[in-house]
Every structure is written in C-alpha cells, then in structure tokens.
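If you read the sequence shown in our numbering, its first letter stands for residue 6, the second for the next number, and so on.
What follows is a short report on a single structure.
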Amino acid sequence: MQQSINSIPQEGYKTAFKATALFGGTQFILIILKVVKSKLLALWLGPAGIGLMGLFNAAIQLISSISNLGLQSSAVKEIAYAKSQNDEIKIAITVKAIHRWVLVTGFLGVIITIFMSDYLSQWYFKSSSYTLAFIFLSVVVFFNALNQEYLAILQGIRQLTRLIRANLLGALIAFVISIPLLYFLKEEGIVSALIMTAFSGAAVSYFYVQKLNLTKVKQTYRDSFRIGLSAVKLGTAMSISGIMVYVVEFFLRSFILRNGGINDVGLYSAGWAINGQYLGLVFAAMAKDYFPRLSQIVNKNQEVKQTVNQQGEIALLILTPLIIIMIVFINIAIKLLYSGQFLMAVPMVKWLLIGSFIKSGSWGISFVFLAKGDVKTFLFNEIGIKFITLPSYLLGYYYYGLLGIGIAFTFNYVIYFIWVAIVARVKYSIVYSKIYLRLFFILLTVLLSYHITELIFSWNFFLKAFFVIIICGYCLYEFNKRIPLKKLMQ
6 MQQSINSIPQ EGYKTAFKAT ALFGGTQFIL IILKVVKSKL LALWLGPAGI
56 GLMGLFNAAI QLISSISNLG LQSSAVKEIA YAKSQNDEIK IAITVKAIHR
106 WVLVTGFLGV IITIFMSDYL SQWYFKSSSY TLAFIFLSVV VFFNALNQEY
156 LAILQGIRQL TRLIRANLLG ALIAFVISIP LLYFLKEEGI VSALIMTAFS
206 GAAVSYFYVQ KLNLTKVKQT YRDSFRIGLS AVKLGTAMSI SGIMVYVVEF
256 FLRSFILRNG GINDVGLYSA GWAINGQYLG LVFAAMAKDY FPRLSQIVNK
306 NQEVKQTVNQ QGEIALLILT PLIIIMIVFI NIAIKLLYSG QFLMAVPMVK
356 WLLIGSFIKS GSWGISFVFL AKGDVKTFLF NEIGIKFITL PSYLLGYYYY
406 GLLGIGIAFT FNYVIYFIWV AIVARVKYSI VYSKIYLRLF FILLTVLLSY
456 HITELIFSWN FFLKAFFVII ICGYCLYEFN KRIPLKKLMQ
C-alpha cells in the first residue's frame, strides 16, 4: 500500500491540503465568531429565539435559491474557465455580464419576498404578525445576492487571499454590528441584525473586487444577456438543486414546529449549525478551491480522476479527527457553545457528524458533474435523491424525534454516495481508487464502532481521550504517507 501511494504524484495531495488548510483556517476563525454569537444568543434568546432566527434564515435561503438562478455558483466555473485562458478581456466581459444578471435576479428576489411576506407569516406563525418582518428581510435577499456574486469573482479568478479577507472582515463587521442589536432588542433585533449582516458582507466583498482593477469593457445589454446565458443554464440547474434543498429545509422546520413546537425547532437549528459550522472548514475548501481546479482541467479526464481521489483522501484524513473529537466530547461542546438546555440535541448531532463523513465522499464526485457542465445528469442526481430525503426526515422525526432526523441524514448520504458513484462511473469512467475506498471504510467503521459501543456501556474520560489519540495518530500516519510531514514543514 505504501508503494502504491508513493507511485501517485504528491503535488495533488499538497494542493488539496494547502487549500483545505487555507480555507480551513479562515473557517475556524468564522466558527469562533459564530460560536460566540450562538452562545450569546442562547443565553439572551433561548431555544425560541434561536428557532425564530432559524425560520427567518430558512425563508431567506429558500427565496434566494428560487430567484438567483444559481448564478453565484455557476459564475465561479465561467470565470475560472476564462482565467485558465489568461485572457483579461474575456474575464472582464464575463464578470460584467454576470453582474447585470445578478442585479436583475436580486431585484426579483426582493419582489418575491415582499409578495410572499404575508403567506410566510401565516405559514410559520398562523398569523400576520410577522408580515412586516418578512418585507424588511427582502433587503437581505438582495444584499446576499450581491455578496455571493463578488465572492464568486474573487474565487473564480483565484484571488484566494482577498477572498479570505473579504469573508473574515465581513463576518467581523457583521458580528460587531449585530451583537448590540440582539442584546438590547432581543427577538425584536433579529431582523435588523440579519439586514446589517447582509449589508456588511456585500460592502466588504465589493471593496475587495474593486481592488482587482479589472479591465473596463463596454457591453450592450443584449451582449450581457447572451454571454451570461451559459452561466444561467448551469446556474438554473444548481438553483433547482438549491431550491429542493431549501424546500426540504422549509417543510422540515415547519413540520417540527407543528409537531414539536418552537423549542424543537431551536434544538434542531442549534444541532444543524454545530455540524455545519464545525465541519465547514473541509467542505468550504471543496467549494472554494476544489471546484475551480476541476473546472480548469475538466477536459482532461485522467487528471480529474486523480484530483477527485486526492481531494477525497485529504478530506477524510482531516474530517475524521474533527468528527471523533466532537462525538466523544459532544456534551461538553454543547454546554460551551450553547447551554444545558440544548443537550437534547446531542443524539441527533452524533448521527449528523457521521453522515457528514459520508457526505465528503459524495461531494467529491458531485462537483465533477458541475465542472463538466453536465446539467441533465446533475439535475437527475439532485432531484432524484430529494424524493428520498424529505420523506425520510419527516418519518424519522415523526417516529423518533430529533434522533430520527440525524439517522435519516446519514441514511440519505449513504444512498446519495452510492448513487453519484454509479453515475460517474457509467458516464465518465471516474471512480474512487482502492486506496480511497480502503481508507474510507476503515475510518467509517471506527466512527460507527465507537458510537454503537457508547450506547451499550459508558466510557470514562481517560478511555475516551485515549481513543481519540489513537484515531488521530492513525490519520496522521496515513497523512504522512501522502505528504511527508518533514517536507511540509520545510
């Protein structure tokens, strides 16, 4: 095994790791800010306040996914492709066309939010008391569209340093502004905090895009429509996928609200946030760097296959220590991040973490369809799996409460992983290597074994710590086989 790994060029491993480390470090700082904010919100607002903010965010995300045509994501591919040709004029033309499309879709999002404001209030709260709040939140939809566009420009051109600075500074300013609003106004400050967060993010990312000094080009609106159309076609497919995700989220939160109450929504929101924020550093690296890299080599199938495997292995070796640490010490983490009131979410979070491990494998392959611009296959995968996702969540919660959602999450990603792996093999002959699969099943077995045995008998603190050290040590050993630590430190 050592020999077979050594026969693979290490540069791909290094690129995957450096990207993960770079964006992972950024994500870590963002997590710290979110952790502090979540802790304060938990103390000031409790589960009900967390649940209210979660409902607002779910509505915003759903409307954004409907109105933005997926441009913020597809723009990365278009700009990255122009960048790979080293054509400054083409980059500027692409950016201008996409910007005009985003302005139109942003205003469309505002109109949709205002139009649906009373319906959303009635749906969530069975009254019109929050209609005005949803009208104000239309501003968030617009600023979020602009922010995502500016970040996509930085990402596509691979201005990674500026992309990181935009993310960090935007989050820091949003934190400084929103915390006083939430402290003094409590639940009444949630809408204002969301608006200021969206505005600060858009303003900061715009500032860094301006520093690029892109070539000025003249472009008719007809040309903007034509040039941006290719991004819209892929983006629409991504948008449909995003809509399906947020539809699932929307109906799930509504189902929990009606059957379990606002406190259960808060527990669900907190548990979901812990999983997403904590493991976000790995998935952020995939989204921020891995996707543009694939887009640049998309016509070289062997390079694509190698990149998929190398990124996948590095993701596993970084994710596993993070997951096992959180699973082992989840009770302590919940109390630190929120409060003892949120401990009821622990069983769900453990299964979410295991599901996220499996998710890394499916994500690694799913980006290939996007990079190749294979809209039909991408939609086939994303829409098809949603016919399993929503029913499994609803049934899981109905019979087993929050724990059922966690189990359903893991089940869904098992199905999705198998699904996309088969499709990628049939369409592009892209498969995970034996090296990857061996590593995947060893680490998954370890995670499941600990979780199951923990249900049978109690582990003391020292035994838990020893187990964590062993797993982390093994991951470090496997990492060193791919990227010698001595060379990495040089």
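Note that the Cβ used here is the ideal one computed from N, Cα and C, for glycine as well.
Fair warning: this is a prediction, and the values are worked out from it, not measured in the lab.
9 Å Cβ cutoff met for residue i and residue j
i	j	result
I68	G114	yes
S229	A102	yes
I319	F33	no
V237	Q160	no
I440	Y421	no
I98	I232	yes
P52	I267	yes
G551	K191	Past the edges of the chain, shown from 6 to 495, lies residue 551, and the structure says nothing about it.
I200	V145	yes
A350	G276	yes
S139	F189	For the record, residue 139 in the displayed sequence is Phe; it is not Ser. Not in contact: F139 and F189 (Cβ atoms no closer than 9 Å).
N180	K42	First, the amino acid is wrong: residue 180 is Phe here, not Asn. For F180 and K42, yes; Cβs fall inside 9 Å.
L262	G56	yes
N386	V428	yes
F383	S246	yes
W49	L187	yes
C480	L322	yes
I169	T31	yes
L35	L165	no
T394	V287	no
E93	T220	yes
N152	G206	yes
V473	I329	yes
K88	R167	no
R487	Y18	yes
G366	A289	no
Y251	Q90	no
Among the options, the one whose alpha carbon lies nearest that of residue i
i	options	result
V209	Y441, I195, L173, E193	L173
F446	I359, A278, Q346	I359
Q346	I116, L239, T20, L46	L46
Q282	T20, W368, P352, L357	L357
Y402	G240, V333, F256, Q315	F256
P326	F362, S235, N336, N304	F362
F260	G406, G175, V309, L199	G406
G75	A242, F141, S126	A242
L142	G194, G175, E154, N91	G194
R373	I435, N73, V354	Strictly speaking, residue 373 in this sequence is Val, with Arg absent from that position. The shortest Cα separation from V373 among I435, N73, V354 belongs to I435.
R163	I461, D294, A207, L137	D294
I96	W106, V253, I158	I158
Y226	L108, Y129, S132	L108
S197	L137, L341, K469	L137
F484	K216, A63, Q316, K44	Q316
Q77	F148, S126, S122	F148
A413	L452, L399, I423	L399
Y418	F466, K364, W464, A470	K364
F120	Q153, L151, A64, A150	A64
L348	D269, S132, T458	D269
Y433	S133, N304, F466	N304
Y343	T20, I37, K19	I37
I370	K340, M353, N306	N306
A150	L442, H104, P352	H104
S454	T20, S134, I476, R258	I476
I388	G366, T415, W424	W424
M460	I332, Y86, S397	Looking at the sequence itself, residue 460 is Leu, so the reference to Met does not match. For the residues I332, Y86, S397, the minimum Cα distance to L460 belongs to I332.
M353	F471, R167, L272	L272
F392	G175, Y86, M249	M249
K44	K340, S463, L468, K491	K340
A470	I335, S438, K486, L234	I335
S235	P489, L177, V100, L490	V100
Cβ contact check for the stretch 296 to 310 and the stretch 374 to 384: 3 or more pairs under 8 Å: yes
In chain order, what are the residue ranges of uninterrupted alpha helix (DSSP H) at least 4 long that sit wholly in the stretch 311 to 371? Within the stretch 311 to 371, complete alpha helix (DSSP H) segments of at least 4 residues are found at 335 to 342, given in chain order.
Which runs of the beta strand (DSSP E) fall wholly inside the stretch 253 to 302 and span at least 3 residues, in chain order? none
Hey, which unbroken runs of the alpha helix (DSSP H) at 4 residues or more fall wholly within the stretch 358 to 435? Segments of the alpha helix (DSSP H) lying fully in the stretch 358 to 435: 380 to 405, 407 to 433.
At what residue ranges does the stretch 66 to 128 contain a whole run of the alpha helix (DSSP H), taking only runs of 4 or more? 76 to 89
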